[in-house]
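Read through the structure below, which is laid out as structure tokens, and then see the notes.
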Amino acid sequence: MPTTIDREAWSAAAVGAVPAVLAGFLGRKRAATILLGLPVGIVAFFRDPDRRVDVTAADEDTVLAPADGKVMHAGPGQPGVAPPPTDQGDWQQVSIFLSVFDVHINRAPYGGRIRSVTHRPGRWLAAYKFESATENERSDIVVEREVGGRTRTIVFRQIVGAVARRVVTRVQAGDDVATGERIGLMKFGSRMDVFVPPDVELTVAKGDRTVAGETVIGRWTR
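11 is the number of the first residue of the sequence shown in the numbering used here; add one for each residue after it.
See below:
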């Protein structure tokens, strides 16, 4: 499928090109050539490939991976990490770690109306550490959807890591999103958490690799 480059790439690549430009100005051609690898790598980081969901819409019971990466946790919501329980019961949690080599475009794991988007400033601990879920900079996004006369609610969270220093969230409260729709990105190495109610059956396990907009991480069973 086609791959584009996200618009956030160009300012970052321009900064990354400065050392190569300086080396060229000083006549160090070999060093300049080597240093050009930095802006090229930065542009590659912001690659934005189309995925299966861009062609075939997901059904109303499917929850898709919001990010490429490795599953760090799949099971009951972790104390201190998961949102407070609701009348739907305790949350289940899927946490995905993104390395600097993964695609960092984020997608909505489930479609519906955005009820709220909350950005919290914080630290930049390594995203694979437990503490990163509560102490790092992050955005919490709540989505609601009416299915069969019942309101389904999920929460997903963009969390920056030790290298990532900025969350980019391109949705706001009141927006309607489709399952798998692009909603933003996180710049360089990060983490995404998805919280679903107990009537969703998780279909991934710790150690699994996910592909945003393609890997099914859960299904509503009722």
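For glycine and all other residues, C-beta sits at the position ideal for the given N, C-alpha and C.
Distance between beta carbons of residue j and residue i, contact taken as under 8 Å
i, j, result
"residue 66", "residue 127", "That pair is no contact at about 27 Å."
"residue 92", "residue 205", "6 Å"
"residue 202", "residue 76", "5 Å"
Residue i - DSSP class collapsed to helix/strand/coil
i, result
"residue 207", "coil"
"residue 56", "coil"
"residue 201", "strand"
"residue 163", "strand"
"residue 144", "helix"
"residue 49", "helix"
"residue 90", "coil"
"residue 110", "coil"
"residue 43", "helix"
"residue 34", "helix"
"residue 219", "strand"
"residue 65", "coil"
"residue 170", "strand"
"residue 184", "coil"
Status (buried if at least 16 other CB within 10 Å, exposed otherwise) for residue i
i, result
"residue 21", "exposed"
"residue 30", "buried"
"residue 35", "exposed"
"residue 215", "exposed"
"residue 210", "buried"
"residue 121", "buried"
Candidates the options, of which the one nearest residue i by Cα
i, options, result
"residue 129", "119, 146, 78 and 123", "146"
"residue 97", "157, 156, 28 and 207", "207"
"residue 196", "226, 51, 101 and 107", "107"
"residue 103", "111, 185, 94 and 24", "94"
"residue 87", "76, 100 and 75", "100"
"residue 217", "24, 81 and 17", "81"
"residue 78", "157, 222 and 50", "222"
"residue 231", "224, 212, 220 and 225", "212"
"residue 109", "169, 151 and 28", "169"
"residue 188", "63, 113, 53 and 90", "63"
"residue 132", "176, 39 and 124", "176"
"residue 52", "32, 40 and 28", "28"
"residue 184", "50, 156, 229 and 124", "124"
For the segment 69 to 77 against the segment 44 to 55, are there 3 or more C-beta pairs whose distance is under 8 Å? The segment 69 to 77 is not in contact with the segment 44 to 55.
Counting beta carbon pairs with one atom in the segment 44 to 63 and one in the segment 179 to 199, are three or more of them shorter than 8 Å? When Cβ pairs closer than 8 Å are counted between the two stretches, the segment 179 to 199 is seen to touch the segment 44 to 63, the count reaching three or more.
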